[in-house]
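So the sequences go chain by chain: D and B. First residue of the first sequence: 1067, per this note's numbering; consecutive thereafter. First residue of the second sequence: 114, per this note's numbering; consecutive thereafter. In this text, a Cβ means the ideal position worked out from N, Cα and C, and glycines have one as well. A quick note: this is a predicted structure, and the numbers were derived from the prediction, not measured.
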Amino acid sequence: EAGVTQFPSHSVIEKGQTVTLRCDPISGHDNLYWYRRVMGKEIKFLLHFVKESKQDESGMPNNRFLAERTGGTYSTLKVQPAELEDSGVYFCASSQDLNSHEQFFGPGTRLTVL
Amino acid sequence: DQQVKQNSPSLSVQEGRISILNCDYTNSMFDYFLWYKKYPAEGPTFLISISSIKDKNEDGRFTVFLNKSAKHLSLHIVPSQPGDSAVYFCAASSLTGNQFYFGTGTSLTVIP
């Protein structure tokens, strides 16, 4: 069974540009999460989808970040316009149901904003 | 404010010896705790978990201990192997929410 996949693995952009990250969860997993790790710091929650609905977006830093999950399958996270402090590794995770405490993580997208 | 803390950024242990990784939390609403292991350029992978109704959970070489009164948990790896070298993240969640709160990670190096 395929795990969580993320694309791209790396992205280097200039301040002010737009970047879109994609996450494909494990097939059949209704729950999808986005996290971010800024260098050397903790992995921080951004938001949680249940199918196509945003269940919790309390971790989104500001309105430059937009997450979508059309059709309840893959998800995208757009940063527009990107700022220097947005650099970090963005992880996506999925889980089968709300009672499952185990989240399966993708390999992450390393975003560098210059 | 960080609710899960791993105060040791790194740890080196000889192969065959015990590795002890520590984690402290501040939120008394947390009732489920997990350890994730992360290799470079990979995502975190689930290692072991414990619910707040227990004080110990064992899985092979890995044991997690929970001290609720001290808001402290630890991961013991016995015996340590070179393949255990990775970054270990402690995470916590509560029944009322599904987000995980992670620590900053501890980089474990097992020396052959």
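Looking at chain D, is there any beta carbon in it that lies within less than 8 Å of the beta carbon of Asn211(B)? Counting from one through the second sequence, the residue named residue 211(B) turns up at place 98. True, the Cβ-Cβ gap to chain D drops below 8 Å.
Which residues does DSSP list as the beta-bridge partners of Gly129(B)? Taking the second sequence and counting its residues from 1, one reaches residue 129(B) at position 16. DSSP, once it has assigned bridges, lists no residue as partnering Gly129(B).
Below-8 Å beta-carbon distance, Pro225(B) vs any chain D residue: Within the second sequence, numbered from 1, the residue matching residue 225(B) stands at position 112. With 8 Å as the cut-off, Pro225(B) does not count as an interface residue toward chain D.
Interface residues of chain E around Ala199(B) at Cβ under 8 Å? Here the protein chains are D and B, and chain E is not one of them.
Thinking just about the alpha-carbon of each residue, which of Leu1098(D), Thr1084(D), Gly1106(D), Thr1139(D) is nearest to the one in Asp1122(D)? Counting from 1 along the first sequence, the entry for residue 1122(D) is found at position 56. Ranking the options by Cα distance to Asp1122(D), first place goes to Leu1098(D).
Contact under 8 Å by Cβ, Glu128(B) with Val223(B): Along the second sequence, one-based indexing puts residue 128(B) at 15. Along the second sequence, one-based indexing puts residue 223(B) at 110. Yes, these two residues count as a Cβ contact at 8 Å.
Okay, do the stretch 131-148 of chain B and the stretch 162-178 of chain B touch, 3+ Cβ pairs below 8 Å being the bar? yes
Contacts around Tyr214(B), its chain only, beta-carbon distance under 6 Å, and the 5 residues preceding and following it disregarded: As a first step, residue 214(B) is located in the second sequence; it is residue number 101 there, counting from the start. The residues are Gln116, Val117, Ala205.
What runs of the beta strand (DSSP E), each 3 residues or longer, lie entirely inside the stretch 1083-1148 of chain D? 1085-1090, 1097-1103, 1109-1116, 1119-1122, 1131-1134, 1141-1145
Buried or exposed (CB count within 10 angstroms, at least 16 for buried), His1076(D): As a working note, residue 1076(D) is residue 10 in the first sequence. Per the 10 Å Cβ criterion, exposed.
The stretch 1084-1102 of chain D contacting the stretch 1110-1121 of chain D, beta-carbon criterion three pairs below 8 Å: yes
By the 10 Å Cβ neighbour count, where 16 or more other Cβ atoms means buried, how is Pro1173(D) classified, buried or exposed? Position 107 of the first sequence, counting from 1, holds the residue named residue 1173(D). The residue in question, Pro1173(D), is buried, as its Cβ has 16 or more Cβ neighbours within 10 Å.
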